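Under my numbering, think of the first position of the sequence shown as 506, with each following residue one higher. Heads up, the beta-carbon is just placed ideally off N, CA and C, and yes, glycines get one too. Note that the structure is a prediction, hence the values are computed from the model and not measured.
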Amino acid sequence: MAVGSNESGPGDVRPSGDPGLTRAAVRAATLRLLPLLGLAYLLNYVDRVNVGFAALTMNADIGLSAAAYGLGAGLFFIGYFFFEVPSNIVLHKVGARLWIARIMVTWGIIASATAFVQGEVSFYIVRVLLGVAEAGFFPGIILYLTYWFPRVDRARIVALFFLAVPLSSVVGGPISTLLIQNGDGVLGFDAGWRLMFFVEGIPTVLLGIAVLFLMPDRPHRAKWLSREQATALEDTIAAEDAREVPGEVGIRQALANPKVIALSLVYFGVVFGLYVLAFFLPTIIKGFQQQFGTSFSLVQTGLVTAIPYAIASVTMVLWARHSDRTGERALHVAIPVLIGAVAIAAALYMGSPLAVMVCVTICAVGVFAAIPPFWSLPNAFLTGVGAAAGIGLINSFGNLSGFVGPYVTGWLQDLTGNGQAGMWVVAAMMVMSGLIALRFRGATRTVPESSRAE
């Protein structure tokens, strides 16, 4: 059988690769691929959520109500939803290097074009186009990581990759607010938020071009792995897939699998909390002035917004390592999500900005800690093109909450005059996710890191 092939016939189980060579290959892949992928995802998330900082001044400039802003912020995920599964299947067929580069160049161009919106309609159009352009990036990378890392490493690897999300808020928040606060008149833009959109899309285009030269599709195409290391790594992963998921699951089987549907609901609730925080946390902090008499400048708002994400980034990696060491996945999803749900509900009853931020931080920790072990769950029963379709569908439905969450939250804020009802909806969605995740307990255990052969 050729190196790098995913095909296996009945009873054709490839032997596991040499453990020493496999571990050396994993270390090399971690050092070579994770910085590139992490930077790409950091830019992805900055280009996706910088609209939350823009809203601090953009909404008034172009006449957006809270509901209209929430609708526009969420429309991104409509285009994303419909093109996610097809994009992931194309990636599986043509290779990650070419398809990820295409995704990045197009989304970078559209992200910069957001600088030129003039009102509700143009804002809505750009957000839909941005979603279409980005569709397939995150699930494509999740699928790509399954080509490079054995199951026992995946929660840790996904956590290191997903560090880009909280770091994008730690780094992107202050940078975005600095550009907004000081960008009036720069490069001919009449408002700082326009400069922010224009500038922050450019690095994505440049990195997309670099991906063509730096991101090999499979281990056997990596010049920085020896032939023996590449063979050992691919043999190990193929043997795991043959043992855990006998036979390749087809596209229709994957999309109709009840486990895929259940995991879609789990991810819907988790991402619901993620994007409500991303799009409305700056507004919540700005509201401290009316609620508690505490005011922050734009840059200070960006710095305060970064605090929950900085703490969540550390906790996420530690929690993922614990999941890999124990081999347990479902509880590592359910526990942090349920704790986060309680925390965001408790935030509504706190009497000081500090107490509110503590609760919001716990919620952010819960959301981020759940995501890396979550992405080990579909790999327990999906491989090949079925994995491409199933992971795409799960991420599609998860990110559909990126439309529902901001829109419902903005609508409830306009209806009630405050954000409390929206936060209760976030808590309910996260409780749903935690309870469904518990149903996977005992069915998704992998070999613990402590017992693997070295």
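Hey, how far is the Cα of residue i from the Cα of residue j?
i: E733; j: Q623; result: 57 Å
i: M937; j: L843; result: 9 Å
i: A578; j: A835; result: 31 Å
i: N564; j: P724; result: 47 Å
i: V913; j: V861; result: 21 Å
i: A933; j: G636; result: 26 Å
i: E833; j: L719; result: 33 Å
i: I714; j: E705; result: 16 Å
i: T527; j: D829; result: 17 Å
i: Y854; j: A846; result: 14 Å
i: D919; j: A851; result: 22 Å
i: F654; j: A530; result: 9 Å
i: L569; j: N687; result: 22 Å
i: S881; j: R656; result: 8 Å
i: L786; j: L650; result: 31 Å
i: F902; j: A571; result: 24 Å
i: I849; j: L859; result: 14 Å
i: V599; j: N593; result: 10 Å
i: P524; j: A744; result: 13 Å
i: I742; j: A894; result: 19 Å
i: G939; j: I876; result: 12 Å
i: Q925; j: L808; result: 23 Å
i: A869; j: I646; result: 23 Å
i: G910; j: M935; result: 12 Å
i: R826; j: D658; result: 9 Å
i: P515; j: F587; result: The predicted model places P515 with a pLDDT of 38, which falls under 50 and marks its position as unreliable; any figure quoted below should be read in that light. Whole-angstrom Cα-Cα distance: 35 Å.
i: N555; j: W929; result: 24 Å
Between residue i and residue j, is the Cβ-Cβ spacing less than 8 Å?
i: G927; j: L917; result: yes
i: L538; j: A606; result: no
i: F666; j: A620; result: no
i: V822; j: A942; result: no
i: Y780; j: I899; result: no
i: P591; j: I896; result: no
i: L768; j: P841; result: no
i: G778; j: V931; result: yes
i: A747; j: G543; result: no
i: I608; j: E589; result: no
i: T820; j: I662; result: no
i: A874; j: W824; result: yes
i: V872; j: V775; result: yes
i: A727; j: A737; result: no
i: L648; j: L596; result: yes
i: A817; j: G678; result: no
i: L905; j: F581; result: no
i: A660; j: P878; result: yes
i: P671; j: A815; result: yes
i: G915; j: G575; result: yes
i: G584; j: V633; result: yes
i: S857; j: F945; result: no
i: A573; j: E625; result: yes
At what residues does the alpha helix (DSSP H) containing residue i begin and finish?
i: W604; result: A601 to A618
i: W824; result: L803 to T831
i: A488; result: No statement about residue 488 is possible, as the shown extent of the chain runs from 506 to 959 and does not include it.
i: S627; result: E625 to E639
i: D566; result: P524 to I567
i: L711; result: G697 to L719
i: T651; result: F642 to T651
i: F793; result: F793 to F797
Throw me the rounded Cβ distance for the residue i and residue j pair, which I believe falls under 8 Å.
i: S617; j: F558; result: So it is not a contact: roughly 16 Å between Cβ atoms.
i: R532; j: D722; result: Actually they do not touch by this definition, with Cβ atoms about 20 Å apart.
i: T562; j: A696; result: 7 Å
i: V676; j: V610; result: Not a contact, Cβ separation roughly 22 Å.
i: M701; j: S681; result: 5 Å
i: V631; j: I614; result: Between I614 and V631 the Cβ distance is about 11 Å, and since that is not below 8 Å, they are no contact.
i: L782; j: L548; result: The pair is not a contact, with the Cβ atoms about 19 Å apart (cut-off 8 Å).
i: I567; j: F628; result: 7 Å
i: S802; j: Q794; result: Incorrect: roughly 11 Å between the Cβ atoms, too far for contact.
i: V865; j: P813; result: 6 Å
For the ligand GTP, is there a heavy atom less than 7 Å away from the beta-carbon of residue i?
i: C864; result: Summarising the ligand content, the structure contains no ligands, and the ligand GTP is consequently not present.
Is any beta-carbon of chain D found at less than 8 Å from that of residue i?
i: L943; result: Of the protein chains in the structure, only one exists, and it is not chain D.
| query | Which whole runs of the alpha helix (DSSP H) in the region 840-924 are 4 residues long or more, in chain order? | reply | 858-879 and 889-921
| said: Extract the residue ranges of the alpha helix (DSSP H) inside the region 575-604, only unbroken runs of 4 or more that lie entirely within it. | reply: none
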